[in-house]
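Chains as they are written, first to last, in the numbering used here: chain A, 1 to 506; chain U, 507 to 836; chain F, 837 to 1164. Glycine included, C-beta positions come from ideal geometry on N, C-alpha and C. Quick caveat, the model's predicted, so the values are computed rather than measured. Data first, discussion second: the structure below is written as structure tokens.
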Amino acid sequence: MNQPLDNPSGQVVPAIRVRHVTKTFGGVTALDDVSFEVLPGEVHCLAGENGCGKSTIIKIITGVYQPDAGAEIEIFGQKLSAITPTISRKLGIDVIWQDLALFPLMSVAENIAFEGMLGNVPRIARHATLRKKAAEVLTRLGVDLDLEAPLHTLSVAERQIVAVGRALVGDARLVFMDEPTASLTQSETEKLLAIVAKLSSEGVAVVFVSHRLAEVLKISSRVTVLRDGRLVGVYDTDGMTQSHLTELMTGHTFDSVVAAQDRSKAPVVLQVKNLTREGEFNNIDLTVRQGEVVGITGLIGAGRTELGHALFGMTKPGSGEIILNGAPVRFRSNRDAINSGVAYVSEDRLTLGLVQPQSIADNIVLPVLDSILDRFGLISSSKKDKTVRSWIDDLAVKIGEPTDPVTTLSGGNQQRIVLAKWLATKPKLLILDAPTVGVDVGARAGIFEIVRKLADQGLAILMISDEIPEAYFNSDRVIHMAGGEFIGEYDPRSTTISEIEGAVFA
Amino acid sequence: MRNFFRNNPTEAILLVVLAIVCVGLSIGTDQFLTLVNLANLLNASAINIIFAVGLVVVLIAGGIDISFAVAASVVQYVTVYALGYIGGGNWFWGFMIAGSLGIGLGLINAFLIHYFRIISIVVTIATFNAFFGLLMFITSGRYLYNLPDWWTTRIILVEHQTTSGQWAELTAPVAVMLIASFATWFLIRFTTTGRQLYAFGDNPEGARRVGINIAAMQAIAFGWAGMMAGIAGLMQVNFVQEVVPNALIGRELDVLAAVVLGGARLGGGRGSVIGCILGVMLIAIIQNGLNLLGISPFAFKMIVGAFILAAISLSNMSFSSLSFARKGRV
Amino acid sequence: MTKTYQKLRDLFGAEVLGLALFLIAVIVVFGVLSPRFLSGANVGSIAFQLPELGLLTLAMLVPILTGGLNLAITFTANISGLTLAWVLQMNGGVDAPTSAFVIGVIAAISVGTLAGFVMGVVIAYIGAHPILVSLAMMIFLRGLGEFLTHGGDISGFPEYVQPIGHGYFVGIPIPLLIFIVGAIVWHVMLSRTRHGFAAYMVGSNIQAAGYSGIHTKRTLTLVYTLSGTMCAIAGIIMLSRFNSVRVGHGEAYILITVLACFLGGVDPFGGFGRVMPVVLALIILQVLSSGLNLLGANQHLATAVWGLFLIGVMVIRWFWHRFAQKQY
């Protein structure tokens, strides 16, 4: 078990089999002699870090990119010398990208069966046929959606289902799903997984492409792991743990250091009593002390980010108390929270963490404009430079010029800029929400070094993470959250990681 | 009907407001609900509706067009000379020439937008200035009165003498307006191309990925708006019986306001022919009503402006949930 | 050579340099074609024409930076001018005392500011599209103005109002001086104040700006409020330049100001753009029109050239962008 499988396919004709795929862009090798195989009706995971080549291989299979010479491609037993997007679709391969490419203002029926509307020559749009097709697909999926409802009125999970429906209208026999559970709640994820199971039983192969695999591991049978454009191996998911998979994906073992320390004597910075917000979290009791890193983990949709938002003043809790440094607080907005010394590193760096196209320097000083004013109340460029420089040095951010757009930085360096920005506000409580999303493996250790250093300086840190090893090795205490409630607390020094994983994935 | 109300909330509200205004005016004045008044309202609004149904296609496809009214003026002048060249022509040639010139001017916008990836508001502001400046420069602002008879003759489609002896008449622009509305309605509602336009305006990247031809979408949207502008220009000459180079300037923003009032969405994906008609008619009826109520004509625009401002504020409040949904990953 | 170029570019930005080179080229061409072009009289007339359009462009610039638009600028200016005219008329018209003028100016600026404030509130707090809100405000203000004036001119102001539109101060035309002050204030506001900083951030990504503690709604409201204030100043200058107020005066400027902003490299989606390049773009537009005038063409040809010029610049930027991307 958990060893690479040599000949998993046996006698079955694979839905897809590619071998010796190499793809170089300019001088950069995105894929290096990768082989990949999916069986009909199989639920398969394609796992790997950002930039490991996952999306490149999908683009080769769907004909968006052409592989370098020497690749062998076989789709449903048919050997192909070249794939184009049209051929790929005709052979029944479809990709549901993370952003779904749906039409929010159009009806569910039109979104599902839009294929019938394509073509350059105008025809009469047959709404009845289209509705019928969409209804058939939904029946096949065993879901009941209002065909006339505009898509934007649906939940994210229902939109996922619509996207799956669209793929099925095209008679897809192999569907790639790109990060499908990224924005789903727990129950929504289960609904989606049920549909995937149904597809699988009908012989449609589903490939999950993800770096957050906890949920999909449960229902997929095999996982192909890529790292740095190379194939690490194909594994049976039976008995596979998330930490083992993370090791395979990152090539990095996490068994060495548990950073936890006893901080129970330190003064309390944040105390939360009975905090409840309808539909998000219930009766939360939480204490974070000076210098303490408290990890909150659990499955997606457990209400972790929602709790973070409430502590940051973005939403108002329905009942309960937040006590900061001994004084009860009631934030009217996140500005109140920032002024009270709360900082929040969002999991969504792209749209919330950074003002993306603006410069590195501007992003750093954004929340601390008051501190860089000269005596006339104008922004002092020398003070601004000084602030920017000191944070860039302090957090060892690798940048070109402070005036460069923040988009020019790597994920790890962008996250350092986010940290710099919030540390500039001199916070007492730092909330980190999925601090390593989109950050390369090598850079992650660096981020946690900073986190540890900050804790040692006395900052109270609340770290939300769905990657259990991350929470386990870097927190002083790990709290397990599920269904909007805290259901367990662990001391990493006296608990093994498998115990926590066992509890979370139970 | 239930679906109409759910999928077109703005149009539905507009319909209700229009009904209330009409009932109110019917009770408050004795002239509003007369055939003569209603016919005149339709005659006067026909040209704006033709403009509106062209513009709404651009809005549905996610663009905006500032240049169409000026383009209509350009079409009027060129059509006068083209008709002179072919010896006077007739309605058939009038429509052919004005329609194709309009399409041509619209395609200039589409080309610049698509090929050079410039957003539509920048392109159409540029072409607005270019069209208008060149027209005024070349014509030196001259009015044209010497027009073919067929063009300026008032064509009465339906007439009816009321008991008071006045004639209620519906004129040619109304018929053209009906055909233009019907054609647009058919295009956007019942053809695959129309549905592609909605999809393109709704999510351009998604549209590209499902295989919609983006260049064709821009060409069709701006070509259609141009064609309708050309035809509106043709009918406006029939209505006022002269060609004045700056007669239509400023109309673009009035029509835009009416179309948006009618539920079209800046940013694409939403808009309807019925909304255009309701939007234009509501503004026209309010003005007409103010007139009948004896309010100074100088106050009309002020009241209409305040009304639109209030309408936008109110309709946006009910849509705030929508804008939130669109920010999410779809 | 490249070092000097780099230094200049760092100081002014590539946008300014390109525009400045173009401006020099235009001046040289017209200077050669028409001997009167570089005469004091012509330069003077440009200096008197520029401020009206210039101040209105400044009023348009900040809303565009936040990803919006203010289509009500000229009518806000008209209504503000009208307010001043009304105060003067109430206090004796030609014989109105200076105190009346001061009160009138304050009233005019208040009215313009209020119009901007109302738009800002609707845009920021209700979330309506700026194009729609300002369009509705435009229709409303135009109607209000026509209602009050019945479409006519209002004239007959005291003597001392004249110099604001026609006078000189230490050899510089007073309207130009006001424009220069306005441009400097705007430049400082955008590059050095918290509000300006927030405006750029809101224009780039309003959600992220809000997350970082920027009061995005207040920023947007203030942006449109200040835009209204700037319109009022433009309205006062227009009053004294023409010695009359007519609603609809300067209507053609609405879209020209947008054109000038885009020409000056302001990002139509918001978030990027500076005062200096926009001022340069304005000078180019004014020089183009005055040069064409001297060559015997009229303002209409200049308008057409402006439009074509904007298309040309956008196309050049497109080629430049493509070229720059190919470098990688």
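In terms of beta-carbon proximity, residue 120 of chain A lines the interface with chain U, with at least one pair separated by less than 8 Å.
In the three-state reduction of the DSSP assignment, residue 676 of chain U falls in the strand class, which pools E and B. The beta-bridge partner set that DSSP reports for residue 322 of chain A consists of A:272 and A:329. Among the residues of chain A, those whose CB is under 8 Å from the CB of residue 1043 of chain F are 351 and 352, following chain order. Shown here for residue 144 of chain A: same chain residues with a beta carbon closer than 8 Å to its own, the five before and five after excluded, namely 138 in chain order.
Counting along the chain, the unbroken alpha helix (DSSP H) around residue 715 of chain U starts and ends at 710-716. Beta bridge pairing from DSSP links residue 205 of chain A with A:174. In this structure, the alpha-carbon of residue 337 of chain A lies about 9 Å from that of residue 314 of chain A. Within the DSSP bridge table, the entry for residue 281 of chain A names A:277 as partners. Distance between residue 584 of chain U and residue 1130 of chain F, taken at the CA atoms: about 29 Å.
421: these are the residues of the segment 410-422 of chain A whose beta carbon lies less than 8 Å from some beta carbon of chain F, given in chain order. Counting the other Cβ atoms within 10 Å of the Cβ of residue 413 of chain A gives 16 or more, which makes it buried. Residues are counted here when their Cβ sits less than 8 Å from a Cβ of chain A; for the segment 1047-1075 of chain F these are 1047, 1048, 1049, 1050 and 1051, given in chain order. The criterion of a C-beta distance shorter than 8 Å is not satisfied by residue 792 of chain U and residue 529 of chain U. For residue 853 of chain F and residue 1116 of chain F, the gap between their C-alpha atoms comes out near 10 Å.
Residue 719 of chain U belongs to the set of residues whose beta carbon lies under 8 Å from a beta carbon in chain A.
As summarised for the segment 425-498 of chain A, the continuous alpha helix (DSSP H) elements at least 4 residues long and confined to that stretch are 441-456 and 468-474, given in chain order. Close partners of residue 208 of chain A in chain U (Cβ separation under 8 Å) are lacking, with about 17 Å as the shortest Cβ gap.
No Cβ of chain F is located within less than 8 Å of the beta carbon of residue 277 of chain A. With a cutoff of 8 Å on beta-carbon distance, residue 565 of chain U and residue 779 of chain U are scored as not near each other.
Remark: fewer than three beta-carbon pairs, one from each stretch, lie closer than 8 Å, so the segment 597-604 of chain U and the segment 1099-1113 of chain F are not flagged as touching. Fewer than three beta-carbon pairs drawn from the segment 1042-1051 of chain F and the segment 883-899 of chain F are found closer than 8 Å, and the two stretches are therefore not classed as touching. Under DSSP, residue 820 of chain U takes part in no beta bridge, so it has no partner. Interface annotation, residue 809 of chain U: in contact with chain F, CB-CB separation under 8 Å. For residue 25 of chain A, the enclosing beta strand (DSSP E) starts and ends at 16-25.
Only residues of its own chain outside the window of five on either side were considered, and among them 1011, 1070, 1073, 1074, 1077, 1086 and 1089 have a CB closer than 8 Å to the CB of residue 888 of chain F, listed in chain order. Contact between the segment 934-944 of chain F and the segment 784-798 of chain U is absent, with fewer than three C-beta pairs closer than 8 Å. Approximately 21 Å separates the beta-carbon atoms of residue 272 of chain A and residue 262 of chain A; this is outside 8 Å, ruling out the contact. With its beta carbon less than 8 Å from one in chain A, residue 722 of chain U belongs to the interface.
By the CB criterion at 8 Å, residue 53 of chain A and residue 39 of chain A fall outside the cutoff. Below the 9 Å Cβ cutoff, chain U contributes 701, 704 and 705 as neighbours of residue 110 of chain A, in chain order. The criterion of a C-beta distance shorter than 8 Å is satisfied by residue 556 of chain U and residue 682 of chain U.
In the DSSP assignment, residue 47 of chain A forms a beta bridge with A:210 and A:225. With contacts defined as CB atoms closer than 8 Å, residue 359 of chain A and residue 404 of chain A qualify as a contacting pair.
At the C-beta level, residue 301 of chain A and residue 188 of chain A come within 8 Å of one another. Within chain A, the residues 355, 358 and 362 have their CB atoms less than 9 Å from the CB of residue 1036 of chain F, given in chain order.
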